[in-house]
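Engineer:
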Amino acid sequence: MERAEMLAYCLAKPGAWLDQPWEGDEVVKVGGRIFAFLGSAGGKPTVGIKCGPTREVADEWLHRHPDDASVMPYIGRSGWNTLRLDGGIDDEELTEAVDSSYDMVVAKLPKRERPTA
């Protein structure tokens, strides 16, 4: 999957919007919270997403895709992983992972900030 395709997919989610809180970094938010980090680790397109409610659950990605998934720096202990877009993870699995990240983040938003669509 290309980075532009992933960005478009993320932005198509209800209430999603693009932000650049740090110079050169693009994130996609819903409400005021990030559900996807779009990057290029070592020149390879990646997406950083919440892969589980705990580190133990998110570790399943590391076991299934050892060459294409890694723990995100700083927030990895909270279940966030970086997934390569151009590696061995198929597009459907990547989009399902983004859907799951989005759903977990929306569930934690105050009701007044949750998208209605």
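Residue numbering for the sequence shown follows my numbering, starting at 3 and increasing by one per position.
Note that beta-carbon positions come from the ideal geometry of N, C-alpha and C, so glycine has one too.
Going by other Cβ atoms of all chains shown within 10 Å of its Cβ, with 16 needed for buried, is ASP27 buried or exposed?
Structural biologist: exposed
Engineer: Evaluate LEU40 with the Cβ neighbour count: other Cβ atoms within 10 Å of its Cβ, from every protein chain shown; 16 or more gives buried, anything less gives exposed.
Structural biologist: Around the beta carbon of LEU40, 16 or more other beta carbons sit within 10 angstroms, so the residue counts as buried.
Engineer: Between MET106 and LYS31, is the Cβ-Cβ spacing less than 8 Å?
Structural biologist: no
Engineer: DSSP beta-bridge partners for GLY41?
Structural biologist: THR48
Engineer: Are the CB atoms of LEU87 and ARG2 within a distance shorter than 8 Å?
Structural biologist: In the structure as shown, the chain starts at 3 and stops at 119, and residue 2 therefore has no counterpart that could be examined.
Engineer: Per DSSP, ARG35 forms a beta bridge with which residues?
Structural biologist: VAL32
Engineer: Classify ASP88 as helix, strand or coil using the three-state DSSP reduction.
Structural biologist: Three-state result, ASP88: coil.
Engineer: Note down, in chain order, each residue of its chain lying with its Cβ closer than 6 Å to the Cβ of LEU111, except the 5 sequence neighbours on either side.
Structural biologist: Closer than 6 Å at Cβ, skipping near neighbours: GLY33.
Engineer: Going by DSSP, which residues form a beta bridge with TRP19?
Structural biologist: LYS31
Engineer: Can you give the Cα-Cα distance for ARG116 and SER102, rounded to whole angstroms?
Structural biologist: 15 Å
Engineer: Determine the direct distance from the alpha carbon of ILE36 to that of GLU25, and round the result to whole angstroms.
Structural biologist: When rounded, the separation of the alpha-carbon atoms in GLU25 and ILE36 is 16 Å.
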